[in-house]
Amino acid sequence: MPLSPNLRGALFMMVAMAGFTLNDAITKYSSQSMNMAQVMLIRGAFASLFVGLLAWQRGALAHPGSMLQPLVALRVISEAGATVSFLVALAHLPIANVSAVLQALPLAVTMGAALVFGETVGWRRWLAIAIGFAGVLIIVRPG
Numbered sequence: 076m077p078l079s080p081n082l083r084g085a086l087f088m089m090v091a092m093a094g095f096t097l098n099d100a101i102t103k104y105s106s107q108s109m110n111m112a113q114v115m116l117i118r119g120a121f122a123s124l125f126v127g128l129l130a131w132q133r134g135a136l137a138h139p140g141s142m143l144q145p146l147v148a149l150r151v152i153s154e155a156g157a158t159v160s161f162l163v164a165l166a167h168l169p170i171a172n173v174s175a176v177l178q179a180l181p182l183a184v185t186m187g188a189a190l191v192f193g194e195t196v197g198w199r200r201w202l203a204i205a206i207g208f209a210g211v212l213i214i215v216r217p218g
């Protein structure tokens, strides 16, 4: 019996979230006994291998010259900085706190798009952002 697209999507999402959680748990465990640079190198090697094989299988490998564009380079540097920050936070904070802050990222992006780029954000989205950040504060419990 074939699965509906919605059910297939939900199953893939569950597997992906389990994978992210497992990755975070292994990273946190490894960072207790290994240097953070080693953890990042191993994690990056596995991620690069996985993404590279997937891109090769789909015929989606980009020419390396396309990464020399200034905006692409800025994005790569930003992603690398965000990854380092996330891994250091994961090593020093409870997984629940790091996950809560990470899950608030779309809220921060929406708020930044409105305040920095002048995107139109209605009152319902502002309310959702406020409720979302309140939820993060409840989970993290600062102070």
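Using our numbering, read the sequence shown as starting at 76 and increasing by one per residue.
Backbone N, C-alpha and C fix where the C-beta goes; we use that ideal spot for every residue, glycine too.
*Rounded to a whole number of angstroms, what is the C-alpha to C-alpha distance between G127 and T158?*
For the purposes of this step, residue 127 is taken as the residue at position 52 of the sequence shown. For the purposes of this step, residue 158 is taken as the residue at position 83 of the sequence shown. Each residue's Cα considered, the two are about 18 angstroms apart.
*Would you grab the beta carbon distance between V215 and V176 for me? Rounded to a whole angstrom, and I think it's under 8 angstroms.*
Along the sequence shown, read from residue 1 onward, the residue named residue 215 stands at position 140. Along the sequence shown, read from residue 1 onward, the residue named residue 176 stands at position 101. The Cβ separation is near 7 angstroms, so the contact holds.
*From the DSSP output, in three-state form, read off S174 for me.*
Translated into positions along the sequence shown, residue 174 becomes position 99. Of the three classes helix, strand and coil, the one that applies to S174 here is helix, per DSSP.
*Nearest-angstrom Cβ-Cβ length linking L136 and A130, presumed shorter than 8 angstroms*: Position 61 of the sequence shown, counted from the first residue, corresponds to residue 136. Position 55 of the sequence shown, counted from the first residue, corresponds to residue 130. 5 angstroms between Cβ atoms; contact.
*DSSP state of H138, grouped into three classes?*
If you number the sequence shown from 1, residue 138 lands on position 63. It is coil, neither helix nor strand.
_V147 versus S141 - alpha carbon distance_ = Taking the first residue of the sequence shown as position 1, residue 147 is located at position 72. Taking the first residue of the sequence shown as position 1, residue 141 is located at position 66. The alpha-carbon atoms of V147 and S141 are separated by roughly 8 angstroms.
*Under three-state DSSP, which class holds N110?*
Taking the sequence shown and counting its residues from 1, the one referred to as residue 110 is at position 35. Three-state result, N110: coil.
_Sequence-distant residues of the same chain with beta carbon closer than 8 angstroms to L86, five excluded per side_ = Against the sequence shown, residue 86 aligns to sequence position 11. L78, listed in sequence order.
*Burial state of L149, where buried means 16 or more other Cβ atoms lie within 10 Å*: Numbered from its first residue, the sequence shown carries residue 149 at position 74. Exposed.
*asked:* I'd like to know whether the C-beta atoms of A189 and V196 end up nearer to each other than 8 angstroms.
replied: Residue 189 sits at position 114 when you count from the first residue of the sequence shown. Residue 196 sits at position 121 when you count from the first residue of the sequence shown. It is a contact, given that the beta carbons lie within the stated cut-off.
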